[in-house]
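What follows is a single structure, written as structure tokens, with notes after it.
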Amino acid sequence: MKNRTTKKVWFAVTLITAILYLANCRQPTAGDQNVFLIGVLAPKTGFMSGHGNSIESGARVAEEYLNSRGGILGKPVRLVIADTTSEPAGAAERARELIQRQHVKLLIGTGTSASTLAVIPVATEAKVPFIYSLDGELKTCQSGDPNSVSHSIWGSGFTERMIVEPFLKHLATRFSTPGKPFRIYLIGGDYVYPRSTNGYVRTVAERLGYQIMAEEYSDTATQDYSPLIRRIMAAKPDLLIVTNPGASGVTFMRQAVQIGLHKDMNISGFATFDQEAIDAMGTASEGVFCVNRYSNQLTNPENQAFVQAFRNMFPNQPLLPGPTAAAGAYGSLLVAAKAFTLAGTTDPEKFYDAMGNLELELPQGRVRINKQNNIFDQPIYIMQIKNQQYSVIADLGMQTHPGLEACSVQ
Amino acid sequence: MPRRHELYPMSFTTGVLLDLISSVSTLLLAALGLYIIYGVMRTINMAHGEFLMLGAYTCSIVHDAGWNFWLSALAAAVVVGLLGAIVERFVLRSLYGRNDLSTLLATWGLSMSLIEGTRLLFGPSGRFIDPPTSTVISVSGTPFPLYSLILLLITLLLLAMILYIMYRTKAGVIMRAAVENRDVAEGFGIKVESVYRWTFIAGSALAGLSGALLAPAAAVTPQMGIEYGWRCFLVIITGGFGSLASPVLGAVIVGGSKSVLNSYFGITTSTIGGLSLVLLVLLIRPSGIVSRS
């Protein structure tokens, strides 16, 4: 009996050791002096894992692209992927490991605003450039000094100030009833990004003379949205804005469609209808309006090359590529590579100087790094989801975040 | 902004009632398999939520292959039942008779393995499956998905079937004997381990079927079972283990309270209120509302 137990224990220990070894086999190490290490903070587990998978995929395409052109500063690029577990504590811990143990020269990622805010002080203290590659409120000011821009942090996605007003105006033009105020119902997940985005929507809407009928937030683990859906149906808004990224948005939409919410009103949202969520949302996303900086249907040569490279590398992924996460990660790395090349060094201050006003053609169009706030000025598009694809219905042109307005870094 | 109740017409109360019934029946459907397993075997299956998740995935995959929804749901029950047989044989059997912590830890590890295994095989983004009908019926002017009504009827049917098996069949007598007193049952020639095996398979199959039936209204992702799992545990703990009334009352308290509070006060308040009510019940009745003495 004792022998059987001992054998079982040894078997388990051997198995676990083998799994850990194999899991780390692919990861490059700090000892590799002849490679350019880049840390990718991707939520591979937890409620934002769909985005994490896309972040890694987009980064891998960029890695291959850069290496086919000689890498960065003459060294081949190697990504070190770290799972942030969709939690701020996990993100900060992984960032610390990437910087202290792997000595990465650059960080990109994460999957949520809260995780990004957790990583920012880590990257800033270590003076390692960090490009957060998802959309969200401005986070590039210096901690304790909201009027000064950080020298370590950049945002490659759009902020709410870049999209909300043109988006609302466009939808109001299409759907408001003459003589009546345009009525909007806001719902969202109960965390930083939805609250800050919807909060700004309310500010803009009230300034434009629209009516906010209600504003509600729910735990991201909510399974039963029926009471909320009934409140929305009873209110009969002209527009429902859903800011529920990830699985929670999927659950809401699937239940909403079952009760027939989509028949009674126009539905839109921020981050809820990203491509990563459409796989699980399915037909429940049909007809939804969204605003985004990227669609795989854009016809510029950079995007066509990116989509082709993505399909070659990941032929089994059914819907390609994720608009915000994959293209965002890809674009962030290309921009950073150009900046390192212009700087001629990995010195963080020289990198910061090189990033200022840098311009580059990316899959979403021409972007420009705004030296005032380190946010990528970029084209924004209004889209409608048809057959789970993003059809571009309006091009809002290049959008810019105003100064360092509404920075969420404390 | 207008106050919540100023927005709502008279049909709001009907809507609250319909949502209450739907919420209770959904939670009861999800918890039945767990109740049977713990009620008979005193085994805590921490992977119950993941069995639901695998049922949802199976249904989605089989449906995409061309089968109709109902056959896909049955296929999910079979597949997860088979998984239950494997888990019982290779994970749980050697742990019978030991304290609950062993099976808790073992099934917790299984839970994490199933989540990550599903993510590795199918990716993190998830799948979807449309309900077999998108018809919305009107109940006193309030819209109600026909599919929710069907789920309620299926839940009642399953309850009736379990009641029939437990109290009208030889298998049920054997099962109740094993629960009542394992040693005496064995003395009468009942193979209690065989009872446990088939109970676990049945509970797993129920979980798989539940997951399949709940999939059209959920995000079918590898993490889908986490939230369902702990809510099912709340139902079981609150309801107790006295009879089949236990999970019903547990679902009413856990699901019903949350639904009603959500209707009037919002989701966050309903979460706090619902959990507070569960705590209160357990303070008054630590073994659950309906428990054996």
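Residue numbers (our numbering), protein chains in the order written: chain A, 1 to 410; chain B, 411 to 703.
Cβ atoms here follow ideal geometry from the backbone N, Cα and C, with glycine treated the same way.
Residue-chain proximity (residue 400 of chain A, chain B), Cβ-Cβ < 9 Å: Looking up residue 400 of chain A in the first sequence gives position 400. Cβ-Cβ to chain B under 9 Å: no for residue 400 of chain A.
Reference residue 334 of chain A, options A/44, A/67, A/4, closest by Cα: If you number the first sequence from 1, residue 334 of chain A lands on position 334. It is A/67 whose Cα lies nearest to the Cα of residue 334 of chain A.
Proximal chain A residues relative to residue 499 of chain B, where beta-carbon distance stays under 9 Å: Walking along the second sequence from the start, residue 499 of chain B turns up at place 89. Residues of chain A passing the Cβ test: none, with the nearest at roughly 15 Å.
Any chain A beta carbon closer than 9 Å to residue 553 of chain B: For the purposes of this step, residue 553 of chain B is taken as residue 143 along the second sequence, with counting starting at 1. Yes, contact with chain A.
Any chain B beta carbon closer than 9 Å to residue 279 of chain A: As a working note, residue 279 of chain A is residue 279 in the first sequence. It does: the Cβ of residue 279 of chain A has a partner Cβ on chain B nearer than 9 Å.
Within 9 Å, strictly: CB atoms of residue 129 of chain A and residue 98 of chain A: The residue labelled residue 129 of chain A in the question sits at position 129 within the first sequence. The residue labelled residue 98 of chain A in the question sits at position 98 within the first sequence. Going by C-beta atoms, residue 129 of chain A is not nearer than 9 Å to residue 98 of chain A.
Candidates A/74, A/13, A/305: closest to residue 33 of chain A by CA position: For the purposes of this step, residue 33 of chain A is identified with residue 33 of the first sequence, where counting begins at 1. The shortest C-alpha separation from residue 33 of chain A is found at A/74.
Expected contact under 8 Å - CB spacing of residue 438 of chain B and residue 657 of chain B to nearest Å: One-based indexing of the second sequence puts residue 438 of chain B at position 28. One-based indexing of the second sequence puts residue 657 of chain B at position 247. Their Cβ separation, rounded to whole angstroms, is 6 Å, which keeps residue 438 of chain B and residue 657 of chain B in contact under 8 Å.
Cβ-Cβ distance between residue 119 of chain A and residue 80 of chain A below 9 Å: Translated into positions along the first sequence, residue 119 of chain A becomes position 119. Translated into positions along the first sequence, residue 80 of chain A becomes position 80. Contact: no.
Spatial distance of residue 580 of chain B from residue 586 of chain B (CA atoms): Indexing the second sequence from 1 puts residue 580 of chain B at position 170. Indexing the second sequence from 1 puts residue 586 of chain B at position 176. Straight-line Cα distance between these residues: approximately 10 Å.
Contacts that residue 676 of chain B makes with chain E (C-beta to C-beta distance below 7 Å): The structure shown has no chain E; the protein chains it does contain are A and B.
Nonlocal neighbours in the same chain, by C-beta distance under 7 Å from residue 338 of chain A, ignoring five residues either side: In the first sequence, the residue the question calls residue 338 of chain A occupies position 338. Around residue 338 of chain A: 358, 360.
Cut-off 6 Å between Cβ atoms - residues of its own chain near residue 422 of chain A, not counting five sequence neighbours on either side: No answer is possible for residue 422 of chain A: it lies beyond the span of chain A, which begins at 1 and ends at 410.
Min CB distance residue 321 of chain A to chain B below 9 Å: Here the question's residue 321 of chain A lines up with position 321 in the first sequence. Bear in mind that the predicted position of residue 321 of chain A carries a pLDDT of just 41, short of 50, making it too unreliable to give a figure here.
The segment 34 to 67 of chain A: positions lying closer than 8 Å to chain B by Cβ: 44, 45, 46, 47, 49, 50, 52, 53
Contact set between residue 259 of chain A and chain B, taken where Cβ atoms lie within less than 7 Å: Position 259 of the first sequence, counting from 1, holds the residue named residue 259 of chain A. Within 7 Å Cβ-Cβ: 546, 553, 555.
Limits of the unbroken alpha helix (DSSP H) element including residue 197 of chain A: Taking the first sequence and counting its residues from 1, the one referred to as residue 197 of chain A is at position 197. Taken as a continuous stretch (DSSP letters only), the alpha helix (DSSP H) holding residue 197 of chain A covers 192 to 207.
Three-way DSSP call (helix, strand, coil) for residue 477 of chain B in this model: Your numbering for residue 477 of chain B matches position 67 in the second sequence. Three-state result, residue 477 of chain B: coil.
Residues that residue 620 of chain B bridges to, as DSSP identifies them: One-based indexing of the second sequence puts residue 620 of chain B at position 210. According to DSSP, residue 620 of chain B bridges with nothing at all.
Residue 224 of chain A versus residue 559 of chain B - alpha carbon distance: Position 224 of the first sequence, counted from the first residue, corresponds to residue 224 of chain A. Position 149 of the second sequence, counted from the first residue, corresponds to residue 559 of chain B. If I take the Cα positions, the gap works out to 15 Å.
N- and C-terminal bounds of the beta strand (DSSP E) containing residue 147 of chain A: Sequence index remark: in the first sequence, residue 147 of chain A carries index 147 (1-based). Counting along the chain, the beta strand (DSSP E) containing residue 147 of chain A begins and ends at 145 to 149.
Neighbourhood of residue 404 of chain A by C-beta, 8 Å cutoff - its chain only, sequence neighbours within 5 removed: For the purposes of this step, residue 404 of chain A is taken as the residue at position 404 of the first sequence. The answer, listed in chain order, is 138, 140, 141, 146, 147, 148, 149, 372, 373.
DSSP-derived helix/strand/coil call for residue 46 of chain A: What you label residue 46 of chain A is simply residue 46 of the first sequence in a count that begins at 1. Residue 46 of chain A falls in the coil class under three-state DSSP.
Close-in-space but distant-in-sequence residues of the same chain around residue 456 of chain B (CB under 7 Å, 5 per side omitted): Here residue 456 of chain B refers to the residue found at position 46 of the second sequence. 514, 517, 518, 521, listed in sequence order.
Extent of the continuous alpha helix (DSSP H) run through residue 657 of chain B: On the second sequence, position 247 is the one that residue 657 of chain B refers to. Note, residue 657 of chain B: alpha helix (DSSP H), 655 to 661.
Three CB pairs or more closer than 8 Å across the segment 535 to 544 of chain B and the segment 278 to 288 of chain A: yes
Contact set between residue 637 of chain B and chain A, taken where Cβ atoms lie within less than 9 Å: Start at 1 with the first residue of the second sequence, and residue 637 of chain B comes out as number 227. The answer, in chain order, is 221, 222, 223.
Any beta strand (DSSP E) of 3 or more consecutive residues that is wholly inside the segment 344 to 400 of chain A: 359 to 362, 365 to 369, 376 to 386, 389 to 399
Contact under 9 Å by Cβ, residue 613 of chain B with residue 647 of chain B: Counted from its first residue, the second sequence places residue 613 of chain B at position 203. Counted from its first residue, the second sequence places residue 647 of chain B at position 237. No, the pair does not count as a contact, with Cβ atoms beyond the cut-off.
Extent of the continuous alpha helix (DSSP H) run through residue 303 of chain A: Locating residue 303 of chain A in the first sequence gives position 303, counting from the first residue. Note, residue 303 of chain A: alpha helix (DSSP H), 301 to 313.
Per DSSP, the bridge partner or partners of residue 142 of chain A: Counted from its first residue, the first sequence places residue 142 of chain A at position 142. Looking at the DSSP assignment, residue 142 of chain A forms a beta bridge with A/145.
Alpha carbon of residue 321 of chain A to alpha carbon of residue 289 of chain A, nearest angstrom: As a working mapping, residue 321 of chain A is identified with position 321 in the first sequence. As a working mapping, residue 289 of chain A is identified with position 289 in the first sequence. With a pLDDT of 41 at residue 321 of chain A, under the threshold of 50, the modelled position of that residue is not reliable, and the figure given next carries that caveat. Approximately 19 Å, taken between the alpha carbons.
Residue(s) in a DSSP beta bridge with residue 82 of chain A: Within the first sequence, residue 82 of chain A is the residue found at index 82, counting from 1. Paired residue(s): A/41.
Of the residues A/375, A/329, A/379, the one placed nearest residue 300 of chain A, counting alpha carbons only: Counted from its first residue, the first sequence places residue 300 of chain A at position 300. Nearest C-alpha to residue 300 of chain A: A/379.
Boundaries (first-last residue) of the alpha helix (DSSP H) holding residue 233 of chain A: As a working mapping, residue 233 of chain A is identified with position 233 in the first sequence. First-last of the alpha helix (DSSP H) with residue 233 of chain A: 226 to 235.
Environment of residue 201 of chain A [buried if 16+ CB atoms lie within 10 Å]: For this step, residue 201 of chain A is matched to residue 201 along the first sequence. So residue 201 of chain A ends up on the buried side.
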